[in-house]
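Asks:
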Amino acid sequence: MMSRLICRALPTVVLVGALFSCTASSSVQEEENKAIVRRFGEAQNARDYDALDDLIAVDFVRHSQATPDVEVRSLEDFKEFLRQYAAVFPDSRVAERMVVADGDLVAFWATFTGTQ
Numbered sequence: 054m055m056s057r058l059i060c061r062a063l064p065t066v067v068l069v070g071a072l073f074s075c076t077a078s079s080s081v082q083e084e085e086n087k088a089i090v091r092r093f094g095e096a097q098n099a100r101d102y103d104a105l106d107d108l109i110a111v112d113f114v115r116h117s118q119a120t121p122d123v124e125v126r127s128l129e130d131f132k133e134f135l136r137q138y139a140a141v142f143p144d145s146r147v148a149e150r151m152v153v154a155d156g157d158l159v160a161f162w163a164t165f166t167g168t169q
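Per this note's numbering, the sequence shown starts with residue 54, numbered consecutively.
1. Between the beta-carbon of V123 and the beta-carbon of F113, is there less than 9 Å?
2. My guess is that Q169 and V141 are in contact by the Cβ rule of under 8 Å, so how many angstroms apart are they, rounded?
3. Out of S145, I109, V147, which has the shortest C-alpha to C-alpha gap to E129?
4. Comparing C-alpha positions only, which one of S127, A154, T120, S117 sits nearest to L105?
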């Protein structure tokens, strides 16, 4: 029997200002920054990891309380992490629920579904 993992109990809020080069604080720039975050989610769902080259800095460092023992210290490490994650949850999807921006900070709330 396959188990289905659905995360809904707690909203997942991820601050991605550190992931992306978001500089201006106008509402136009905030909308552009939110679009970057949406492109990130789309690339992850499509398993299009090369698209992340335009979205994430090469010296990106991932911090996660869910997996504190997993070290990701570069864009290439992150791509490999996502590949391994997709192998464990082959039908996984991140569904955006809300994206908010304030100046150069962007956060999103999403739900994760996938079969292990």
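C-beta: ideal position from N, C-alpha, C; glycine also.
Replies: Concretely, from the data shown:
1. Residue mapping note: residue 123 aligns to position 70 of the sequence shown, counting from 1. Residue mapping note: residue 113 aligns to position 60 of the sequence shown, counting from 1. Result no, Cβ atoms of V123 and F113 do not sit closer than 9 Å.
2. Counting from 1 along the sequence shown, the entry for residue 169 is found at position 116. Counting from 1 along the sequence shown, the entry for residue 141 is found at position 88. With a Cβ gap of about 6 Å, Q169 and V141 count as contacting.
3. Taking the sequence shown and counting its residues from 1, one reaches residue 129 at position 76. Considering only alpha carbons, the answer is I109.
4. For the purposes of this step, residue 105 is taken as residue 52 along the sequence shown, with counting starting at 1. When each option's Cα is compared against that of L105, the closest is S127.
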